[in-house]
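Everything below concerns the one structure shown next.
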Amino acid sequence: MSGTKEKVEIDLYYDVISPYAWIAFESLLRYEKVWAIKVNLKPFSLRNIMRESGNRPPGVVPAKAMYMAKDIQRNNEYWKLKLKAPKNFMELIKTKTSDTAMKLLLIVQKDQPEKLECVTREFWKRFWSNGEPIFDKEDFEKVLSASGITDPGKFIDQLKDESIEKQLEKNTSDAIDSGAFGAPWIVVHKGDEEHAFFGSDRLHLIAHLLGEKFQGGLTHLSKL
């Protein structure tokens, strides 16, 4: 940890449909161990962020999709990740939404917050490493069970609760209000100021802002 400095709060807005959000998730949680920061996980709806901002996901723009495939491999090597796009990724992002998965994460955050990191990671591993779906009840049961949750139904049964829908809307709205147009969206609370960053490749700039040292991939701190 960086001396005895007061910890700076960093909000990570993310959606498990985004591979770059996974990179930001793993890297920020590694740096939480060596910087004076506290990472707050904020599940949101990337679908609604895209709609509100008029942005388009990389997967639906051919040139971006080709670049993303190469870029993911570079990030795998640097951060020691195992990202691989599902074979039917293009079809899935046009026909499916991860909003229900994000609601499930909010339920976990409410009822068993110590499991949020693990369940989030299991969603990404299932979709972005194993190429398996993350959209239906049976998918949720497998993700929760893999995370060590013994009563998945207790969480899944709350998916239609209005309070969960409102929390997803609030997280998404908060991100939009801070300028979000994609994922990951990172908001650093330094003193009375908020500094927003887009993307998984901004850690060196966050380090500069905080007076910390960027130390590379910190792969020895990986939880994968």
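Okay, so the sequence shown: first residue is 1 according to full-length UniProt numbering, each after it adds one.
Think of the CB as a built atom: it goes at the ideal place given N, C-alpha and C, for glycine as much as any other residue.
These figures come from a predicted structure and were not determined experimentally.
- For the set P152, N75 and A180, the Cα lying nearest the Cα of W22 is the one of N75.
- In the three-state reduction of the DSSP assignment, W185 falls in the strand class.
- Inter-segment contact for the region 68-87 and the region 136-144 is absent: fewer than three beta-carbon pairs are separated by less than 8 Å.
- Judged by DSSP secondary structure, F25 falls within the alpha helix (DSSP H) whose first and last residues are P19 to Y31.
- Annotation: I176 is outside any beta strand (DSSP E); the continuous alpha helix (DSSP H) that includes it extends over E162 to D177.
- Contact between the region 92-99 and the region 41-50 is established, with three or more Cβ pairs separated by less than 8 Å.
- Membership of H204 in the alpha helix (DSSP H) is indicated by the continuous run L203 to L210.
- Closest in alpha carbon position to K33, among V8, G54 and D136, is V8.
- Here the C-alpha atom of R126 lies approximately 37 Å from the C-alpha atom of K5.
- Assigned with DSSP and collapsed to three states, F198 falls in strand.
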